[in-house]
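Just so you know, we're using our numbering here: the sequence shown kicks off at 100 and counts up by one.
C-beta atoms are modelled at their ideal positions from N, C-alpha and C, and glycine is treated no differently.
Keep in mind that this is a model prediction, so the values were computed, not measured.
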Amino acid sequence: MVNVESFIDEKIEELADAIGDANAIIALSGGVDSSTAAALAYEAVGDQLTPVYVDTGLMRKGETEEIRDTFSYMESLRIVDARERFLDALSGITDPEEKRHAIGEGFIREFETVAREVDADYLVQGTIYPDRIESEGTIKSHHNVGGLPDVVDFEGIVEPMRDLYKDEVREVARALDLEEIISERMPFPGPGLAIRVLGEVTEEKLEVAREANYVIEEELEEYEPWQALAAVLGKATGVKGDNRVHGWIVSVRSVESRDGMTARAQELDWETLQRIQSRITGENENVARVVYDVTHKPPATIEYE
Ligand code: XMP
């Protein structure tokens with residue numbers, strides 16, 4: 100991207116050309132990528148665009164309310180409560196790639212339902228360059244690229260940011276005057292908390308992950324990590340009060356990166372780590388242990404699945 104202003108003008112024109120007089124929908128996740136793509140597409144075609152936010156139940160704490168507030172200026176905004184459908188679709192699945200596919204398929208079906216209702220022919224997506232590279236290789240499929248079902252009922256898919264890196268997307272977001280909560284927000288994966296709970300997705304694990312991720316985002320803000328997260332790994336023995344318990348192990352991860360393709364585990368001070376540990380174990384009686392992940396990418400990935 101040479102110049103942010105000309106990039107924006109060019110993309111708005113491209114979107115307007117591609118969509119023409121038709122209607123389009125965009126999947127809004129609340130992250131910077133989809134929000135920026137939505138803002139560009141809204142500039143291009145206005146109310147012909149219906150932004151759709153699917154509440155999968157796999158989102159961060161308070162995210163649905165934030166979306167409602169931030170995008171209320173777009174009158175066509177739809178918020179779909181699909182929490183039960185996603186939990187049902189994920190029930191019994193333990194393989195990470197199968198999870199991604201189930202979620203990708205779930206998303207696209209939800210969009211198709213709205214697309215039919217608003218008679219939309221186009222799907223706008225916030226896919227960025229690293230998403231495509233990782234999906235083309237064998238690293239793992241991203242739900243919004245490799246996990247798409249084979250038959251997609253749209254005339255076209257438009258990806259205005261497919262050649263950008265994350266820091267360039269943030270530049271575009273700032274130039275478009277998107278709120279800071281959006282433009283500076285840590286990346287959050289499309290499959291959400293489902294890939295931060297190992298093995299089968301259950302409501303109990305999701306609740307532990309949701310609260311722990313909230314603590315991490317709060318406590319690590321001053322470190323300005325590229326991404327920080329908590330994952331629920333499994334169970335271990337612990338002692339709560341006078342009793343031995345079999346509680347969850349929560350892993351804390353904080354990394355520095357430019358584009359997510361490689362990353363370095365961040366060095367945190369002991370006090371911060373202990374405060375995180377005490378909040379996570381204190382706020383949830385079912386958590387027995389908190390561990391810190393010191394692995395870089397490679398050999399690890401940023402997410403756990
Ligand atoms: P990994 O775990 O592969 O993650 O090192 C690199 C970056 O991509 C995000 N990520 C995803 N984003 N769908 C997404 O939209 C996915 O399936 C997905 N998997 C990982 C991850 O959060 C990190 O920012």
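Just grab the DSSP bridge partners of residue i for me.
| i | result |
| --- | --- |
| Arg-374 | For Arg-374, which the question treats as bridged, DSSP gives no partner whatsoever. |
| Tyr-391 | Val-351 |
| Asp-154 | Asp-180 |
| Lys-396 | Ala-362 |
| Lys-339 | Asn-342 |
| Ala-214 | DSSP lists no partner for Ala-214. |
| Tyr-221 | Ala-123, Gly-255 |
| Ala-327 | Ser-353 |
Quick one: Cα of residue i to Cα of residue j, how far?
| i | j | result |
| --- | --- | --- |
| Asp-154 | Asp-108 | 32 Å |
| Leu-127 | Glu-142 | 15 Å |
| Ile-125 | Pro-324 | 28 Å |
| Arg-363 | Pro-398 | 10 Å |
| Met-50 | Asp-266 | This structure does not reach residue 50, given that the chain is present from 100 up to 404, and the question cannot be answered. |
| Glu-112 | Glu-211 | 25 Å |
| Asp-120 | Ile-348 | 52 Å |
| Tyr-172 | Ala-136 | 16 Å |
| Leu-147 | Ile-256 | The residue you asked about is not Leu; residue 147 is Gln in the sequence shown. Computed Cα separation, rounded: 15 Å. |
Thinking C-alpha only, which one of the options is nearest residue i?
| i | options | result |
| --- | --- | --- |
| Phe-170 | Arg-208, Ala-181, Ile-280, Val-101 | Ile-280 |
| Lys-396 | Asp-358, Asn-122, Arg-167, Gly-156 | Asp-358 |
| Tyr-322 | Glu-366, Ala-293, Glu-299, Leu-305 | Glu-366 |
| Glu-258 | Leu-139, Arg-388, Asn-122 | Leu-139 |
| Asp-392 | Val-300, Lys-160, Leu-332, Tyr-264 | Leu-332 |
| Glu-254 | Ala-214, Pro-290, Thr-135, Asp-262 | Ala-214 |
| Phe-106 | Leu-263, Val-217, Asp-220 | Leu-263 |
| Ala-308 | Thr-394, Arg-167, Ala-293 | Ala-293 |
| Gly-225 | Asn-102, Leu-189, Gly-289 | Gly-289 |
Return the Cβ separation of residue i and residue j in integer angstroms, given the expectation that the two are a contact with Cβ distance under 8 Å.
| i | j | result |
| --- | --- | --- |
| Glu-310 | Glu-382 | 6 Å |
| Val-314 | Ile-401 | Rounded, the Cβ-Cβ distance is 18 Å, inconsistent with contact. |
| Arg-231 | Arg-261 | 6 Å |
| Val-217 | Asn-122 | 6 Å |
For chain B, find out if any of its Cβ atoms is closer than 7 Å to the Cβ of residue i; answer yes or no.
| i | result |
| --- | --- |
| Tyr-221 | In the structure shown, chain B cannot be found, because there is only a single protein chain. |
With hydrogens ignored, establish whether the beta-carbon of residue i is closer than 6 Å to any heavy atom of the ligand ATP.
| i | result |
| --- | --- |
| Glu-209 | The ligand ATP is absent from the structure shown, which contains only the ligand XMP. |
Determine contact between the region 264 to 282 and the region 114 to 126, defined as no fewer than three beta-carbon pairs at a distance below 8 Å.
no
Would the region 317 to 333 and the region 346 to 355 be scored as touching if the rule is three or more Cβ pairs under 8 Å?
yes
Please confirm if the region 297 to 310 is in contact with the region 191 to 202, defined as three or more CB-CB distances below 8 Å between the two stretches.
yes
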